[in-house]
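Residue numbers (my numbering): 324 to 703. Positions of the beta carbon are idealized from the N, C-alpha and C atoms, including for glycine. Read the structure below first, then the notes.
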Amino acid sequence: MLTATSDPATERRLAELTAAQITELARLAADDASLAAAAWRYAAVQGGFGGAIGGTALYRFWIDCEAKPPVSLILKILYLRRGETATSPYYWKREYELYRARLLEDLPARTFIAPKIVQLRDFGDSCWIWMADYADHKTSWTFDDYRAVARRLGRMNGSMVDRDLPASDWLAQSWHSAIVPGLADAFAALPNSLEQPLARITLPLDARDEIMATWRDRELFRAALRQLPQTLCHNDAFRRNILHSDAGVVLLDWALAGRGGLGEELVSLVALALYYSGFTQEYAARLDQAVFHAYIEGLREAGWQGDARLARIGYTCGMTLRGLAGVKQDINLLIDPSQHQELRNVHERDSVEDIAAFFAEVRRFRLVRIAREARRLLAS
Numbered sequence: 324m325l326t327a328t329s330d331p332a333t334e335r336r337l338a339e340l341t342a343a344q345i346t347e348l349a350r351l352a353a354d355d356a357s358l359a360a361a362a363w364r365y366a367a368v369q370g371g372f373g374g375a376i377g378g379t380a381l382y383r384f385w386i387d388c389e390a391k392p393p394v395s396l397i398l399k400i401l402y403l404r405r406g407e408t409a410t411s412p413y414y415w416k417r418e419y420e421l422y423r424a425r426l427l428e429d430l431p432a433r434t435f436i437a438p439k440i441v442q443l444r445d446f447g448d449s450c451w452i453w454m455a456d457y458a459d460h461k462t463s464w465t466f467d468d469y470r471a472v473a474r475r476l477g478r479m480n481g482s483m484v485d486r487d488l489p490a491s492d493w494l495a496q497s498w499h500s501a502i503v504p505g506l507a508d509a510f511a512a513l514p515n516s517l518e519q520p521l522a523r524i525t526l527p528l529d530a531r532d533e534i535m536a537t538w539r540d541r542e543l544f545r546a547a548l549r550q551l552p553q554t555l556c557h558n559d560a561f562r563r564n565i566l567h568s569d570a571g572v573v574l575l576d577w578a579l580a581g582r583g584g585l586g587e588e589l590v591s592l593v594a595l596a597l598y599y600s601g602f603t604q605e606y607a608a609r610l611d612q613a614v615f616h617a618y619i620e621g622l623r624e625a626g627w628q629g630d631a632r633l634a635r636i637g638y639t640c641g642m643t644l645r646g647l648a649g650v651k652q653d654i655n656l657l658i659d660p661s662q663h664q665e666l667r668n669v670h671e672r673d674s675v676e677d678i679a680a681f682f683a684e685v686r687r688f689r690l691v692r693i694a695r696e697a698r699r700l701l702a703s
């Protein structure tokens, strides 16, 4: 058996899994009470670009069954982060609680399916989520794929506007607004950070004053999001978390989910798409419009007939606040030499200076240009 964790408790628990336990998991995953596990193996799954906040591990299990086809499963382990409260935007246990509350078992028709949960275990210092394994049939996306996903997101959000949701602390509240207080130290330290050459490349002088003005006006954007029609938002619905499988279109990784304003759901879909190869300002503008119009179509199909301008406010204000978070993230990555090889691998570029300049170019769209539009919408 393979293991790739340095956590002793996890290593012990993985090693102590029995044939009876693995058999039970296989039976639940395959809906076949006659299965018997003959052998099994597992390996760590790489998170890849856009990986979740630290404190998680992902494993794929392959189970050979007696006289039956093999079964594969995913084990997602969430690790306790001490000092973190349930109201944190990155609360470590949120996804586990969502599945335990069975909140995602009946997502609206023609939207998505949540992964099938096979078993949940709470060990105190970690939670284990055993789920079905899905093969993704799309290795790359076209504009039509982005439109189709945006339409599904619109249907999902539109179907759940003002729906009663659990009054639980662990359900995120206006996630894009909630991440802002955690950025204060990074913006206060920005003058010192900009002594680093890579930080100056990624935050060039001609954009710096406007970005700082956006930071000073952050409460304007946060307040706007609170005034919008509220719905259940995934908040991390981008390409890697959406699988086109035989079972349907699966929406994974609900770790950031909670109440949010209409339009906020599109932020991750667009923002993270800009970091894949082929980015230009023209491409970003085309993607932005295509995705937004498809999202509005989905809202209409779900029965929401409100003013599309409200959804555009949600999208642009959410994108602005997430763009501010991107300033902190990008600078932290660039000024830490230990991160440079991973940046080269992820972005398929040899020069870290080129990556810093690429980040700056993306920021001109996802923060500078979008913040300008958000201001215009809020002023009209």
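What do you reckon, are the CB atoms on residue i and residue j nearer than 9 Å?
| i | j | result |
| --- | --- | --- |
| E676 | I534 | no |
| G481 | W385 | no |
| Y725 | D459 | Residue 725 lies beyond the range of the chain shown here (324 to 703); nothing can be said about it. |
| D493 | A409 | For clarity, residue 493 is Trp in the given sequence; the question names Asp instead. Going by C-beta atoms, W493 is nearer than 9 Å to A409. |
| L625 | P527 | First, the residue type needs correcting, since residue 625 is Ala and not Leu in the sequence shown. Cβ distance not < 9 Å, so A625 and P527 don't count as in contact. |
| W453 | I397 | yes |
| L704 | L566 | It is not possible to answer for residue 704, since the shown part of the chain is limited to 324 through 703. |
| F399 | Y382 | It is Lys, not Phe, that sits at residue 399 in the sequence shown. Yes, they are a contact pair. |
| R404 | W577 | no |
| A648 | L506 | yes |
| A594 | M642 | yes |
| W415 | E428 | no |
| R698 | A530 | no |
Excluding five sequence neighbours on each side, which residues of the same chain lie with their C-beta closer than 7 Å to the C-beta of residue i?
| i | result |
| --- | --- |
| I658 | S516, Q519, L521 and A522 |
| T326 | Low confidence applies to T326: its pLDDT is 39, below 50, so where it sits in the model is not reliable enough to give any reading. |
| Q369 | none |
| L700 | R632, R635, I636 and T639 |
| L430 | I436, A437 and M479 |
| F275 | Any answer about residue 275 is impossible in this case: the structure gives the chain only from 324 up to 703. |
| M324 | The predicted position of M324 is uncertain, since its pLDDT is 33 and thus under 50; a value taken from the coordinates is nonetheless stated next. So the qualifying residues of the chain are R364 and Y365. |
| A342 | A360 |
| L278 | The requested residue 278 is not part of the displayed model; the chain covers only 324 to 703. |
| A547 | I636, C640 and L701 |
| E389 | A359 and A361 |
| E696 | T639 |
| F544 | C640, T643, L644 and A697 |
What does DSSP give as the partner residue(s) for residue i in the beta ladder?
| i | result |
| --- | --- |
| A367 | Y382 |
| L443 | I452 |
| T554 | G583 |
| V394 | I386 |
| A362 | D387 |
| G571 | S568 |
| K399 | L381 and I452 |
| I436 | V573 |
Which same chain residues, not among the five before or five after residue i, have their C-beta less than 6 Å away from its C-beta?
| i | result |
| --- | --- |
| R335 | none |
| E671 | none |
| A613 | F466 and R470 |
| A473 | V614, A617 and Y618 |
| T537 | A694 |
| V484 | P552, T554 and W627 |
| E339 | none |
Cutting at 8 Å between CB atoms, please list the residues of its own chain near residue i, excluding the five before and the five after it.
| i | result |
| --- | --- |
| R549 | S497, S500 and G584 |
| L656 | Q662 and L666 |
| A332 | F446, D448 and S449 |
How close, in whole Å, do the beta carbons of residue i and residue j come, if the pair is a contact with beta carbons under 8 Å?
| i | j | result |
| --- | --- | --- |
| R689 | G646 | 5 Å |
| G629 | P552 | 7 Å |
| A308 | F561 | Outside the modelled stretch of the chain, which goes from 324 to 703, sits residue 308, for which no answer is possible. |
| A580 | N558 | 6 Å |
| A349 | V394 | 4 Å |
4 or more residues per run - each alpha helix (DSSP H) lying fully within the segment 450-484 = 466-482
Which residue spans inside the segment 620-693 form an unbroken alpha helix (DSSP H) run of at least 4?
-> Assignment of alpha helix (DSSP H) within the segment 620-693, counting only whole runs of 4 or more residues, yields 631-657, 663-670 and 675-686 in chain order.
Tell me the start and end of each unbroken alpha helix (DSSP H) in the segment 513-541 that is at least 4 residues and wholly inside, in chain order.
-> 513-516, 520-525 and 528-539
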